[in-house]
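In the working numbering, the protein residues as written are -2 to 211.
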Amino acid sequence: GFEMDTAFFAAWIEESARSVAAGKERLTDLDAAIGDADHGSNLDRGFTAVVRALAVKEPDTPAALLTVVGTTLIRKVGGASGPLYGTAFREMGRALGDLGDTAEVSPGELCAALEAGLAGVRRLGSAAEGDKTMVDALAPAVRALRRALEEGSEPREAAAAAAAAAREGAEATIPMRARRGRASYLGERSVGHEDPGAASTALILTALHTVAAR
Ligand code: ADP
Ligand code: MG
Ligand code: MG
């Protein structure tokens, strides 16, 4: 069946880095509306550092790679999103480690890892769905992936469903009022803008689909 090796995960991260770099200005513009105008530059700095770290020495397993990604993001991104994304990737790595730290990962194992990543974000940030955060993109994406795999979809279709759910989830943050993070200080004035972290999560899940479809 469809198995994902370390090179697959490296490709996902590289595609995410490309996408974040291309979307840097849009992410920063979104953050300018309801935050402090640094989300694009924060994340671009982090993913640039991640790609550099992986080029120096590509880790041996998907679990080890995701752990390096998370650790580097925590160190380089800063702000609210650095620890949150860093935790998401570190928890993904930890979950795959618990599943045996194998050289290849099945779609079901990837899904379990993403569920662990989401749980880590929720634990650290205490955001519920509807609070206008990255959780509003990540939670529906993980749910869509799980559902698609359970229904017997091909991994590529399942990744497409997850990416679409993340993009829809990000768009659905527009009418929400922020209850977590910097945007929550704006209260009602946060309504009418897409959450930057939800937008970047949609880029990262779309990158996963792009790489799965190759
Ligand atoms: P900062 O707000 O510190 O400048 P960023 O601009 O890099 O950090 O990231 C902002 C994004 O972080 C928000 O758009 C939101 O998606 C996410 N975020 C902030 N606080 C939380 C939280 N408690 N839980 C989940 N996500 C959060
Ligand atoms: Mg910001
Ligand atoms: Mg900031």
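Glycine included, C-beta positions come from ideal geometry on N, C-alpha and C.
All values derive from a computational prediction rather than experimental measurement.
By Cβ distance, which residues of its chain are closer than 7 Å to asparagine 39, with the 5 residues on each side in sequence left out?
-> Taking the first residue of the sequence shown as position 1, residue 39 is located at position 42. Val74, Gly75, Gly76, Ser78 and Gly79, listed in sequence order.
List the endpoints of the continuous alpha helix (DSSP H) containing tyrosine 82.
-> Looking up residue 82 in the sequence shown gives position 85. Element bounds for tyrosine 82: 78 to 95.
Would you mind listing the alpha helix (DSSP H) stretches within the region 2 to 52 that are 4+ residues and don't spill past its ends, in chain order?
-> 3 to 19 and 21 to 31
Got a sec, what are the start and stop residues for the alpha helix (DSSP H) leucine 146 sits in?
-> Start at 1 with the first residue of the sequence shown, and residue 146 comes out as number 149. Run containing leucine 146: 132 to 147, per the alpha helix (DSSP H) assignment.
Assumed close pair leucine 17, valine 47 - CB separation to whole angstroms, cut-off 8 Å | Taking the sequence shown and counting its residues from 1, one reaches residue 17 at position 20. Taking the sequence shown and counting its residues from 1, one reaches residue 47 at position 50. Here residue 17 is valine; the residue named in the question, leucine, does not match the sequence. With a Cβ gap of about 10 Å, valine 17 and valine 47 do not count as contacting.
Should the region 141 to 157 be called in touch with the region 168 to 184, which here means at least 3 C-beta pairs below 8 Å?
-> no
Cβ-heavy atom distance between tryptophan 78 and ligand 1 below 7 Å?
-> As a first step, residue 78 is located in the sequence shown; it is residue number 81 there, counting from the start. Reading off the sequence shown, one finds serine at residue 78, where the question assumed tryptophan. Answer for serine 78: yes, Cβ within range of ligand 1.
Around ligand 2, which residues pass a check of Cβ closer than 5 Å to any of its heavy atoms?
-> Asp28, Gly32, Asp33, Asp35 and His36
Roughly how many angstroms separate the alpha carbons of alanine 110 and phenylalanine 44, rounded to a whole number?
-> Numbered from 1 along the sequence shown, position 113 holds the residue referred to as residue 110. Numbered from 1 along the sequence shown, position 47 holds the residue referred to as residue 44. Cα to Cα, the separation comes out at about 20 Å.
Simplified DSSP assignment, three categories, for valine 102 = Indexing the sequence shown from 1 puts residue 102 at position 105. Of the three classes helix, strand and coil, the one that applies to valine 102 here is strand, per DSSP.
Under the three-state DSSP convention, the category lysine 73 falls into = Walking along the sequence shown from the start, residue 73 turns up at place 76. In this structure, lysine 73 counts as helix in the three-state DSSP scheme.
Rounded distance between the beta-carbons of glycine 105 and methionine 89, thought under 8 Å = As a position in the sequence shown, residue 89 is number 92, starting the count at 1. As a position in the sequence shown, residue 105 is number 108, starting the count at 1. About 14 Å separates the two Cβ atoms, so there is no contact after all.
Give the single residue among Asp33, Ala157 and Ala169 whose Cα lies nearest to the Cα of aspartate 133.
-> Residue mapping note: residue 133 aligns to position 136 of the sequence shown, counting from 1. Minimum Cα distance to aspartate 133 is reached at Ala169.
For threonine 170, three-class secondary structure by DSSP = Along the sequence shown, read from residue 1 onward, the residue named residue 170 stands at position 173. Note: threonine 170 maps to coil in three-state DSSP.
How many Å lie between serine 197 and alanine 4 at the Cα?
-> Position 200 of the sequence shown holds residue 197. Position 7 of the sequence shown holds residue 4. Going by the C-alpha atoms only, they are around 22 Å apart.
As assigned by DSSP and simplified to three states, the class of alanine 124 = Here residue 124 is taken as the residue at index 127 of the sequence shown, counted from 1. Reduced to three states, the DSSP call for alanine 124 is coil.
Can you tell me whether serine 187 is buried or exposed, with buried defined as 16 or more other CB within 10 angstroms of its CB?
-> Numbered from its first residue, the sequence shown carries residue 187 at position 190. It counts as buried.
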